[in-house]
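What follows is a single structure, written as structure tokens, with notes after it.
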Amino acid sequence: MAPAGCPVRAVAREIKEKTMSDDVRHDAAVAPAEALAITSDGQLVPAEATGVAAQSLSMRSVWRIGFALLGVVAVGAFALFVLRDGGDLIFTVLMSLFAAIAMAPGVDRLAKHMRRGAATGLVMGAFAVFVVLFLAAFGKLFVDQVVQLLLYVPKLVDGTLEWVNSSFSMSLTRDNVLSSVGLTPDKLAAAAEKAGMSALGFLGSTLGALFSVFTFGMFIFYLSAQMPQFERWVGSLFPARAQPVAQKVWTITAEKTGGYIASRLILAGINAATTAIVFIIIGMPYWLALALWTGIVAQFVPTIGTYISIILPVAVGLLTPTPWIGVIALVWAVLYQQVENLFIEPKISSKAVDVNPAVSFGAVLLGAALFGVAGAFLAVPVIAMLLSLADIYGKRYELLPSISNAIDHARPAGGSKRAQRKAAAAAAADGSAQAAHSSA
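Residue numbers (numbering that gives the first Met the number 0): 0 to 439.
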């Protein structure tokens, strides 16, 4: 226990006396308790005098916070409802918008000589005529080959398993493989029963597909014909200081998306046409279906699409009575890939998407996981748009000379031809910029 003359006890007694005084009682009645503070010398004064902010939470603030949280929950529930019940329509509109953007270069050229609606109708009509002519020439053949190929798949699987078992001394069966991936005979039977439709169900599905195609076409037409008005409307949603950024985002989106879709379609057509000619020459079964499979998958699945697309034709060719057909198909795929990478794709995709293959592959996987086929299809142009915006508005710093030299020394001398071409182009651009600056 502290002695009676201890300064601590004296200070405590003084604080108690001041607290019980009438003046302090009056101050406490005037000011709320939470607005009072004790100074270092024992004085009980308002908190404002000591520089301490007094915070109080009134009932009105509690009600405001509660209503704000309730509003956030309501908006989230409404968004979830719209995405769940109207997700198909939203994806149809998005796909139509990207298709209209892909058509924009051709429509813009024709719109200089005619009304934009007529230009849009002409472009869509030309595409429809091409589809009709293709179906008239190869429709029956394509459907027959697809049906025969689907019926051939079990034999193809059994032949592949037999080759694997004989080559690697294994004992795999079709049931074991299906069970390992979660496809039991009961699930397959249920899927087959679900796929078997009555005449009425088939008619309903056909009408639904036709209605979906009609809806898709109508959205494409109106979005393409009214593209300038739509662009102005989107820009008017932002204040004046943000409109340049919004316009830049729109321009980059149109450039990257349109360039990507157009270049992929052209490359897929070239790939499928040349592959079909080669398959006809070598006598590949189901040549039309396999050629279309090869062209589409090779172009719209980044990085590994080329290898996935050729597996099926090679397997079909190897299991024919003349296995050399599969070998020739593999050799053709390798040769065509080299020619496309060196001569065809640089000319067609020079102004389109330029994304690292690993980034594009990861974007496709993420898009497919989130939004299915539509997400996988649109993942590459979307990630290209985001990377372009990051390059424009992101801040970069100059690399230290020591780090740059260390990176250069780690590379092999000379580097690849593509890297040399890029370095030469960058040096030429820097030289021209310096010359223009000096002349100015």
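Ideal Cβ positions, reconstructed from N, Cα and C, are used throughout, including at glycine.
query: Start and end residues, alpha helix (DSSP H) containing Ala-441; result: Residue 441 lies beyond the range of the chain shown here (0 to 439); nothing can be said about it.
query: Cα-Cα separation, Phe-66 to Asp-84; result: 27 angstroms
query: Separation of Leu-334 from Ile-343, as counted between CA atoms; result: 13 angstroms
query: For Val-363 and Ile-310, the rounded distance between their alpha carbons; result: 20 angstroms
query: Same chain, Cβ closer than 6 angstroms to Ala-375, neighbours up to 5 away in sequence not counted; result: Val-363, Gly-366 and Ala-367
query: Straight-line Cα distance separating Trp-292 from Leu-266; result: 13 angstroms
query: Alpha helix (DSSP H) segment containing Ile-343, residue limits; result: That residue, Ile-343, is in no alpha helix (DSSP H); it is neither H nor E in DSSP.
query: Among Phe-210, Lys-247 and Gly-138, the one whose alpha carbon lies nearest that of Ala-389; result: Lys-247
query: Reduced DSSP secondary structure (H/G/I, E/B, other) of Ala-239; result: coil
query: Proximity below 8 angstroms, CB of Arg-114 to CB of Val-106; result: no
query: Contact check, Ile-260 vs Ile-327, beta carbons under 8 angstroms; result: no
query: Gly-70 to Phe-80 span [Cα, whole Å]; result: 15 angstroms
query: Whole-angstrom C-beta distance between Ser-223 and Thr-159, which should lie under 8 angstroms; result: Contact flag wrong, Cβ pair sits at about 46 angstroms.
query: Short Cβ contact (8 angstroms threshold) for Gly-257 with Gly-294; result: no
query: Whole-number beta carbon distance between Met-384 and Ile-251, since they are thought to touch under 8 angstroms; result: 5 angstroms
query: C-beta contact flag for Leu-289 and Pro-322 at 8 angstroms; result: no
query: Leu-386 versus Ala-357 - alpha carbon distance; result: 14 angstroms
query: Host alpha helix (DSSP H) of Tyr-151 (start-end); result: 115-167
query: Supposed contact pair Met-226 and Ala-527 - C-beta distance, whole angstroms, cut 8 angstroms; result: In the structure as shown, the chain begins at 0 and stops at 439. Residue 527 is therefore absent and cannot be evaluated.
query: Ser-95 burial status per 10 Å Cβ neighbour count (16 or more: buried); result: buried
query: Residue environment, Ser-401, which counts as buried when at least 16 other CB atoms sit within 10 Å; result: exposed
query: Unbroken alpha helix (DSSP H) run spanning Thr-293, endpoints; result: 286-299
query: When Arg-63, Phe-278 and Asn-175 are compared against Gly-325, the one with the closest alpha-carbon; result: Phe-278
query: Per-residue DSSP class, three states only, for Ser-359; result: helix
query: Nearest-angstrom Cα separation, counted from Phe-167 out to Leu-209; result: 49 angstroms
query: Buried versus exposed, by CB contacts within 10 Å (16 or more), Ile-64; result: exposed
query: Straight-line gap, Gly-316 to Thr-274 (C-alpha atoms, nearest Å); result: 14 angstroms
query: Gly-86 (DSSP reduced to helix, strand or coil); result: helix
query: Buried versus exposed, by CB contacts within 10 Å (16 or more), Ser-262; result: buried
query: Alpha carbon of Leu-308 to alpha carbon of Ala-297, nearest angstrom; result: Note that residue 308 is Ser in the sequence shown here, rather than Leu. C-alpha separation (whole angstroms): 6 angstroms.
query: Chain-order list of residues whose beta-carbon lies under 6 angstroms from that of Ala-271 (same chain, five-residue window excluded); result: Ala-290, Leu-291 and Gly-294
query: Residue from Pro-380, Val-92, Lys-394 and Gln-337 whose Cα sits closest to the Cα of Val-212; result: Val-92
query: Environment of Thr-305 [buried if 16+ CB atoms lie within 10 Å]; result: buried
query: Residue burial classification, Trp-331 (beta-carbon count within 10 angstroms, cutoff 16); result: buried
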